[in-house]
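Only one structure is covered here, and it is reproduced in the block below.
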Amino acid sequence: MRYQALALDYDGTLAHGGKVAPEYVEALKKVKASGRKLLLVTGRILDDLKTVFPEHELFDRIVAENGGLMYTPETKEEEILGEVPPPEFYECLKNAGVSNLTAGRCIVATWEPHEATVLETIRSMGLALEIIFNKGAVMVLPSGINKASGLLAALEDLKLSPHGVVSCGDAENDHSFLAASECAVAMENAIDSLKERADFVTKKDHGAGVCEVIDMLVESDLKEIEPKLKRHHLIIGQTPDGKDIEIPPYSHSILVCGPSGSGKSTTVKSLLERFVESKYQYALIDPEGDYEQQSNALVLGNPERATPIDEFMHAMESPANNVVVNLLGVPLADRPTYCSQVLPAIRKLRSTYGRPHWTIIDEVHHLMPTEWERNSELAKAILHGLVLVTVHPDQVANSVMKEMDVVIVIGDDPQKTFQHVVKATGDKMPKVNTYHKDSANSLIWFRNKGEDPIACKIIAPTEEHHRHIRKYAEGDLGEERSFYFKGPDGKLNLKAQNLVIFSQLSEGVDDETWSFHLHKNEYSKWFGTYVKDDTLAEIARKVENDKSLKSKESRKKIQQAIEERYSAPV
């Protein structure tokens with residue numbers, strides 16, 4: 000279910016002439032019966048609303064006073080969401096001849112043409128107040144308080160994301176909360192500027208228009224409107240001719256694949272930044288601890304401790320939390336089982352809260368191997384909104400691969416990688432064109448469009464993939480992940496367990512040993528596979544392929560690259 004909540008303005012939207020017809024109340028009950036939440040977002044003062052609308056208790060939260068007050072009908076609790084204007088402000092307006100004044104817990108309101116007097120009074124008293132208009136009404140609220148801020152407060156209270164909300168309105172003061180919602184709907188009777196900015200305009204006015212939306216919401220989860228929601232598409236890169244490459248933020252899944260050191264981690268980092276920028280919550284399953292220093296996420300687990308599923312669930316309950324699950328504390332043989340437990344947990348979270356919106360699984364060929372096909376229960380746990388990362392797409396369960404909508408292939412031999420992809424998906428091999436590395440760094444294939452892969456330059460992440468600087472520069476990678484200078488005859492066995500030691504040893508080994516590993520492309524392979532720095536690997540690969548460089552020059556270039564990226568002493 001994409002939409003977990005329906006947020007409605009009152010006057011001019013749900014209500015006509017201040018009243019809500021019985022058939023509209025019945026429509027609201029349909030929303031509740033579907034398992035969705037109802038929110039009322041109104042400029043009215045709460046006590047007034049209760050008087051004119053006895054059925055207000057159908058709503059899970061009411062944001063009154065144009066964002067200044069949140070009310071929970073079930074518990075009768077009220078929460079003032081802004082600083083209350085001083086009592087003397089109301090008295091000053093009254094003494095200045097402003098008529099039709101009303102005051103709530105947080106709002107002071109009147110009608111045009113008193114806006115000039117109100118503004119002058121605010122200035123003369125030096126107050127941090129703002130004026131909001133609503134079809135002739137002049138509403139005064141604390142700075143920063145509006146329907147959008149009120150809606151977000153209510154959603155946070157319900158542990159819901161704005162990306163799971165449909166909002167309906169008709170007037171000037173509805174602009175903010177419609178813009179904050181995933182799907183913005185303007186009533187047929189709405190002002191023109193609201194209609195122009197809305198994702199959808201109803202054919203009917205007032206409550207009848209709300210019923211129109213409710214019918215689509217309950218019956219199809221608003222699939223009819225889906226093509227209109229392009230304002231939320233994620234721009235992940237550009238083609239060589241400057242055309243944006245966009246990914247729909249809902250229902251699609253992405254496969255990122257290519258050889259070790261090709262740039263998969265950098266691509267994932269870029270995708271994570273796109274998710275964070277647009278406030279889409281993510282959960283990342285990290286088998287090798289590569290994201291243990293992810294700056295925009297809560298990292299759970301470490302080499303000494305596995306994360307219990309209920310701890311993961313608790314961390315994900317807040318819409319503000321992105322979560323990385325480090326699996327180093329889970330034995331390698333048990334990781335597929337752990338993954339099979341995480342996915343149903345994510346499915347449960349989505350059915351309750353509509354999030355996390357994206358689930359990233361690194362090294363997916365280990366966590367969702369071909370053996371998954373033997374377990375039909377696991378197949379039921381497959382989700383949309385996946386980002387799967389792998390070196391071996393042909394070793395991932397076919398049922399998982401067939402769910403991928405977008406395939407991003409990185410590396411020097413995309414033809415070979417695509418052959419592995421179609422082997423797993425059963426697709427016909429697409430036409431794979433080469434591209435210039437100056438203008439593109441990947442090929443993107445939209446599998447369901449019937450088109451060939453497109454050359455694309457993925458947006459470079461603003462935060463370099465340096466989550467591991469200290470670990471890889473000064474830590475101990477262990478026996479299997481260290482680099483060994485052996486030379487052509489294997490006479491040496493010099494262990495570099497991190498980049499600092501690598502730089503020191505590279506300075507001292509003889510030219511023959513250095514060149515032996517250089518010409519076998521072993522430096523770039525180590526940087527990409529074990530140091531997991533795709534950028535450093537690419538720099539080293541260029542040095543390795545430059546046959547004009549002498550031993551001293553190639554050493555200097557690689558050592559400088561390490562020093563610049565890690566401030567390592569060389």
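Just so it is clear: in the sequence shown, position 321 is 320 by numbering that gives the first Met the number 0, and no numbers are missing. Glycine included, each C-beta is placed from N, C-alpha and C at the ideal position.
Assignment of K347 by DSSP, reduced to helix, strand and coil, places it in the helix class. Scanning its chain for C-beta atoms nearer than 8 Å, with the 5 sequence neighbours on each side dropped, one finds around D220 the residues M0, R1 and Y2, in chain order. For H15, the secondary structure class from DSSP, reduced to helix, strand or coil, is strand.
Note that the segment 351 to 361 touches the segment 155 to 162; at least 3 beta-carbon pairs, one per stretch, sit closer than 8 Å.
With a 10 Å radius around the Cβ and a threshold of 16 neighbouring Cβ atoms, T358 comes out buried.
Here D393 is near K422, since their CB atoms are less than 8 Å apart. As summarised for the segment 405 to 463, the continuous alpha helix (DSSP H) elements at least 4 residues long and confined to that stretch are 413 to 424, given in chain order. In terms of Cα proximity to I557, the closest of S505, S547, K546 and T512 is S505. Note on Q414: under 16 other CB atoms within 10 angstroms of its CB, so exposed under the neighbour-count rule. L80 carries a coil assignment under DSSP once its states are collapsed to helix, strand and coil.
Between I144 and G208, the C-beta gap is not smaller than 8 Å, which leaves the two residues out of contact. In the DSSP secondary-structure assignment, W110 is bridged to A136.
For N320, the secondary structure class from DSSP, reduced to helix, strand or coil, is coil. Close CB contacts of E111 within its chain, under the 7 Å cut and outside five residues either way in sequence, are with G135 and V137 (chain order). The Cβ-Cβ distance between A147 and S175 falls below 8 Å.
In this structure, DSSP gives Y483 an extended state, which the three-state scheme calls strand. Rounded to the nearest angstrom, the gap between the Cα atoms of V431 and D451 is 7 Å. Excluding its 5 nearest sequence neighbours in each direction, V200 has C-beta neighbours in its own chain below 8 Å: V184, A185, M186, E187, A189 and K194, listed in chain order. Taking G384 as reference, the option from Y565, A282 and I407 with the minimal CA-CA separation is A282. Rounded to the nearest angstrom, the gap between the Cα atoms of S523 and P330 is 29 Å.
Annotated as proximal: P460 and T265, with beta-carbon spacing under 8 Å. F526 carries a helical assignment under DSSP once its states are collapsed to helix, strand and coil. In the DSSP assignment, T238 falls outside any beta strand (DSSP E), carrying neither H nor E. Secondary structure within the segment 135 to 185: the beta strand (DSSP E) runs of 3 or more consecutive residues, fully enclosed, are 136 to 141, 164 to 168 and 182 to 185 (chain order). Annotated as proximal: W513 and R554, with beta-carbon spacing under 8 Å.
Taken through DSSP and simplified to helix, strand or coil, P53 comes out as helix.
Every beta strand (DSSP E) stretch that sits fully inside the segment 206 to 262 and reaches 3 residues is listed by chain position as 233 to 237, 243 to 246 and 253 to 256. An exposed status is given to A319, since fewer than 16 other beta-carbon atoms sit within 10 Å of its beta-carbon. Under the three-state reduction of DSSP, E362 is assigned to coil, being neither helix nor strand. Here DSSP, grouped into helix, strand and coil, assigns M69 to strand.
Distances from the CA of F58 to each of L476, A153, D204 and K546 were compared; the closest alpha carbon is that of A153. The DSSP-derived three-state label of L48 is helix. For the options G206, T534, Y70 and V30, the alpha carbon positioned closest to that of Y23 is the one of G206. Bridge pairing for K202: absent [DSSP]. Beta-bridge analysis with DSSP links L7 to L39 and C167. In this chain, the beta strand (DSSP E) harbouring L493 covers L493 to A495.
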